[in-house]
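Residue numbers (the numbering used here): 1304 to 1838.
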């Protein structure tokens, strides 16, 4: 009862005022903090693009939020169960009376976390089949054009070019990219997709082989080549790709997605092309072996032909039996012809005995009767067929007349629509023609005004004159005019022919002007390396 009167003079706050005061106090006290903890409750970005989750350790938990614009530029994306170091500011959420951290940047907590993230990402991509051997492509034996994705200022590109020059010089296209830091993964993926997007036979040749190269470094330095965007771009490449990232002991996820992994960039150049001198030696050896094999084959065929010729019998022996058979058949041919003639004569005599006048008359009468019956049947069939055809043609005539009327009506409607459409198009064409003529007339007028403004005749109208020599060339100096030279002077209102005076003193030669000193060239400012446009 005694404490209540003492609180009467205490200031009153609304809930909103108290929440705002707490929010300002927390933000002023913890404006910039770094918090280490494990991500909990992360289910991916919200439909709005923002991310909501919690950071926890063994004894506490704090709510966290990543706004959409900050999540888009983050190098490491939040994942469930990943231990991270979050940088941001502490604030409150008045609607639920809780405090939370608004994260601006996120990074894994140590190399162990990076390795765990890399292993988890490797399992995920392997489950999708991006590392299957069936997806690997064979490298071309001798590529015409080699595309290299690397930094243009490092020693890697010089090592690759020097090694290619020593082994087998090829045309090299370099796509400059950042190989470390913010945005490097996006540039590498864009370079791989850019090379694959080049058309066959275009102005810029499409590479037959790609090399993605970078020098050695720590796991953090090589992390761009562990990003999903780079691994997926390498797996989707239709051009065979060699991964040459780091040294022999460095392993990145792009090595599993590439068609071939090289321990160093120099080794990648060795994989890309063979040794030219060794190819020359091998070609000479193969040519020598080919000639020897051909000579041996010719000699073997020559020996076989000789052996076959010795084994064949003489021509007289081969033709002896056929000649004897021909003589036997020739001697039996007259007897066979006589026997055949007698057989045909007997058959003809037997047939002629059966052919009498009565038989022929009976056959003729029977044939005439069949002809009469067939004629009557044909007449009846023709009449029936004619009647059916007449009935069918009558029906077709009725249908044709109705169809013709309907078709004529439809054609009239089509012609009417086409006529109306033609009128509309003609009107639009007329308006377009008028507009085009007006534009061309305005352009001609403008060009005429510009020509009049630039014409030298305007200068002549201001009192100047144009001097020409006998050949019609303009004269620019008195030293160019000889004695008794014929000149033509053009004024604004006409031309006058004149002759120079022979007694005038010779014109003094013009002194050559001393060359002006060139201003010192400004020092070249080295701009930061960034991905350029290939086009």
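The C-beta atom is built at its ideal place from N, Cα and C for all residues, glycine as well.
The structure presented is a predicted model; accordingly, all values stated were derived computationally and were not measured.
{"Query": "Proximity of residue 1417 and residue 1556 at Cβ, strictly below 8 Å", "Result": "no"}
{"Query": "Ranges of the alpha helix (DSSP H) found wholly within the segment 1405-1490, counting only runs of at least 4", "Result": "1414-1430, 1458-1470"}
{"Query": "Cβ-based neighbour list, residue 1565, same chain, cut-off 6 Å, excluding 5 preceding and 5 following", "Result": "1545, 1547, 1571, 1574"}
{"Query": "Best match in 1749, 1782, 1793 for proximity to residue 1769 [C-alpha to C-alpha]", "Result": "1793"}
{"Query": "Status (buried if at least 16 other CB within 10 Å, exposed otherwise) for residue 1530", "Result": "buried"}
{"Query": "Reference residue 1796; option with closest CA among 1761, 1398, 1568", "Result": "1761"}
{"Query": "Sub-8 Å separation of residue 1441 and residue 1576 beta-carbons", "Result": "no"}
{"Query": "Whole-angstrom C-beta distance between residue 1439 and residue 1562, which should lie under 8 Å", "Result": "5 Å"}
{"Query": "Own chain, CB closer than 7 Å to residue 1801, minus 5 neighbours either side, in chain order", "Result": "1790, 1792"}
{"Query": "Boundaries (first-last residue) of the alpha helix (DSSP H) holding residue 1714", "Result": "1660-1757"}
{"Query": "CA-to-CA distance, residue 1553 to residue 1463, given in whole angstroms", "Result": "19 Å"}
{"Query": "Pairwise C-alpha distance: residue 1673 and residue 1665", "Result": "12 Å"}
{"Query": "Nonlocal neighbours in the same chain, by C-beta distance under 8 Å from residue 1407, ignoring five residues either side", "Result": "1373, 1390, 1391, 1392"}
{"Query": "Spatial distance of residue 1685 from residue 1705 (CA atoms)", "Result": "30 Å"}
{"Query": "Inter-residue spacing [alpha-carbon to alpha-carbon] between residue 1631 and residue 1615", "Result": "27 Å"}
{"Query": "Coil, strand or helix - residue 1649 by DSSP", "Result": "helix"}
{"Query": "Residue 1598, enclosing alpha helix (DSSP H) - first and last residue", "Result": "1579-1614"}
{"Query": "Rounded straight-line distance, which links the Cα of residue 1623 to that of residue 1640", "Result": "27 Å"}
{"Query": "Contact check, residue 1410 vs residue 1434, beta carbons under 8 Å", "Result": "no"}
{"Query": "CB contact flag (residue 1452, residue 1513, <8 Å)", "Result": "yes"}
{"Query": "First and last residue of the uninterrupted beta strand (DSSP E) at residue 1342", "Result": "1336-1343"}
{"Query": "Within 8 Å, strictly: CB atoms of residue 1527 and residue 1482", "Result": "yes"}
{"Query": "Cutoff 6 Å; reference residue 1450; Cβ partners in own chain excluding five residues on either side", "Result": "1476, 1498, 1510, 1513"}
{"Query": "Which of helix, strand or coil DSSP assigns to residue 1801", "Result": "strand"}
{"Query": "CB of residue 1488 within 8 Å of CB of residue 1533, strictly", "Result": "yes"}
{"Query": "Proximity of residue 1358 and residue 1342 at Cβ, strictly below 8 Å", "Result": "yes"}
{"Query": "Host beta strand (DSSP E) of residue 1544 (start-end)", "Result": "1544-1548"}
{"Query": "Residue 1771: first and last residue of the uninterrupted beta strand (DSSP E) it sits in", "Result": "1769-1771"}
{"Query": "The beta strand (DSSP E) enclosing residue 1513, as first and last residue numbers", "Result": "1512-1517"}
{"Query": "Beta-carbon proximity of residue 1496 to residue 1536, cut-off 8 Å", "Result": "yes"}
{"Query": "Beta carbon of residue 1402 nearer than 8 Å to that of residue 1318", "Result": "no"}
{"Query": "Beta-carbon spacing of residue 1388, residue 1337 below 8 Å", "Result": "yes"}
{"Query": "Terminal residues of the alpha helix (DSSP H) in which residue 1253 lies", "Result": "What the structure shows of the chain is the stretch from 1304 to 1838, and residue 1253 is not part of that stretch, so it cannot be assessed."}
{"Query": "Beta carbon proximity, residue 1506 to chain B, threshold 8 Å", "Result": "Structure shown: chain B not included; a single protein chain is present."}
{"Query": "Span separating the alpha-carbon of residue 1494 from that of residue 1486", "Result": "12 Å"}
{"Query": "Simplified DSSP assignment, three categories, for residue 1318", "Result": "helix"}
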